[in-house]
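The letter at position 45 of the sequence shown is residue 103 when you use this note's numbering, and the numbering goes up by one with no holes.
Notes for the one structure printed next.
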Amino acid sequence: MRLLVGLGNPGPKYRDNRHNIGFKAADEIVRRYNLSAPRARFQSDSFEGTIDGEKVLVLKPTTFMNESGRAVGEAARFFKIPPEDIIVFQDEIDLAAGKIRVKRGGGHAGHNGLRSLHAHLGSPDYVRVRLGVGHPGEKDKVHNHVLGDFSKQDMKWVEPELDAIAEALPALLAGRDSDFMSQVTMAVQQATGTGRKPHKKPSPDSDREAAPKPLRQDTAPANSPDPAETPEEPHTSLGAALSRAFSKIRGD
């Protein structure tokens, strides 16, 4: 069994907070794969089913973010799920909005939800799907930023990102992290028009100077004067003398 965890805070007050993007990812996965109705256990709303032939348990802890580890640790111990088989969807202020990264193991980087998971799992070796929500620019603004709601403009990337996360999930479950990230990134770029435009391959002759077209033999160069306006060349002095001599002989 694989354990999929969306991090967030319970209740309608927090539903659209940036801090709750992990909950939103879990909701989309449940919807996409038609998992079970929610069941209150493991201090969470829990959902079960199969994805790509693999049994999964999806959790949305109801402990509030800072105590998420209590819920995840309880479920992991009950089903004997090792940390390597736990995937956590979390908000990440150190990534630009709409960016996504998969990280296996490592520190919690000050994220209170991850700090709690570290403590209750006794290991950092779980998988984190880091969902960028951007940084407000100043440390003292972080709290209000993550507990602030997504704007209508934000939803232009949030909705396609969540949809792509659910669609590409089988790749993540199979350990193909790069494929998963690429698919999600491409979906966000297409939805927001932020992707790179395809590079136009230059033609083989594009870097060569255009060769001048050969002139037709019966065509004068473009800058040549009109033959009708070209004066006759004057006779040379020798030619003029010979002409006068022949005229005298003929008696002209």
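Note that beta-carbon positions come from the ideal geometry of N, C-alpha and C, so glycine has one too.
Contact check, residue i vs residue j, beta carbons under 9 Å
{"i": "L117", "j": "A95", "result": "no"}
{"i": "G131", "j": "H178", "result": "yes"}
{"i": "F208", "j": "N67", "result": "no"}
{"i": "R162", "j": "V185", "result": "yes"}
{"i": "G206", "j": "H176", "result": "no"}
{"i": "A249", "j": "E217", "result": "yes"}
{"i": "G80", "j": "L231", "result": "no"}
{"i": "P119", "j": "L153", "result": "no"}
{"i": "E125", "j": "S174", "result": "yes"}
Limits of the unbroken alpha helix (DSSP H) element including residue i
{"i": "Q248", "result": "D235 to T250"}
{"i": "K197", "result": "K197 -> no alpha helix (DSSP H), and no H or E assigned at all."}
{"i": "N124", "result": "N124 -> no alpha helix (DSSP H), and no H or E assigned at all."}
{"i": "G171", "result": "N170 to L179"}
Exposed unless 16 or more other CB atoms sit within 10 angstroms - verdict on residue i
{"i": "Q148", "result": "buried"}
{"i": "T277", "result": "With a pLDDT of only 41 at T277, under the threshold of 50, the placement of this residue in the model should not be trusted, and no figure is reported."}
{"i": "M123", "result": "buried"}
{"i": "L62", "result": "buried"}
{"i": "L273", "result": "Unreliable positioning characterises L273 in this predicted model, as indicated by a pLDDT of 46, which lies under 50. The coordinate reading is nonetheless provided below. Exposed is the call here."}
{"i": "K82", "result": "buried"}
{"i": "F136", "result": "exposed"}
{"i": "P70", "result": "exposed"}
{"i": "S236", "result": "exposed"}
{"i": "P140", "result": "exposed"}
{"i": "S282", "result": "Here the model assigns S282 a pLDDT of 42, short of 50, so the residue's position is not dependable and the matter cannot be decided."}
Residue of the options minimising C-alpha distance to residue i
{"i": "V246", "options": "P228, L220 and L227", "result": "L220"}
{"i": "A229", "options": "G156, K71 and V242", "result": "V242"}
{"i": "V191", "options": "V200, F136 and V185", "result": "V200"}
{"i": "A224", "options": "N92, P68, F137 and S102", "result": "N92"}
{"i": "E150", "options": "L172, P218, K113 and S236", "result": "L172"}
{"i": "I109", "options": "A167, Y72, K214 and R60", "result": "R60"}
{"i": "P182", "options": "L189, W215, I144 and E217", "result": "I144"}
{"i": "A226", "options": "I79, R73, I87 and Y72", "result": "I87"}
{"i": "K214", "options": "G156, G69, P70 and D237", "result": "G156"}
{"i": "T121", "options": "F100, K82, G165 and V204", "result": "F100"}
{"i": "A222", "options": "Q211, H77, F238 and E112", "result": "F238"}
{"i": "A129", "options": "P194, S102 and K138", "result": "S102"}
{"i": "V146", "options": "H203, K210, A84 and G195", "result": "A84"}
{"i": "Y72", "options": "N202, G251 and H193", "result": "N202"}
{"i": "R234", "options": "N170, V187, P194 and G251", "result": "V187"}
{"i": "V204", "options": "P194, G165 and E112", "result": "P194"}
{"i": "H77", "options": "N170, K138, M244 and G180", "result": "N170"}
{"i": "E142", "options": "A98, E125, G180 and M244", "result": "G180"}
For residue i: DSSP bridge partner residues
{"i": "E217", "result": "Answer is none; E217 lacks a bridge partner."}
{"i": "E225", "result": "Partner(s): none; E225 has no beta bridge."}
{"i": "R186", "result": "V146 and K161"}
{"i": "N75", "result": "D207"}
{"i": "S104", "result": "R97 and L117"}
{"i": "E132", "result": "Looking at the DSSP assignment, E132 forms no beta bridge with any residue, so it has no partner."}
{"i": "E112", "result": "I109"}
Opening and closing residue of the beta strand (DSSP E) in which residue i lies
{"i": "L93", "result": "No beta strand (DSSP E) contains L93, which DSSP labels as neither H nor E."}
{"i": "L17", "result": "The structure shown does not extend to residue 17, since the chain is modelled only from 59 through 310, so no value can be given for it."}
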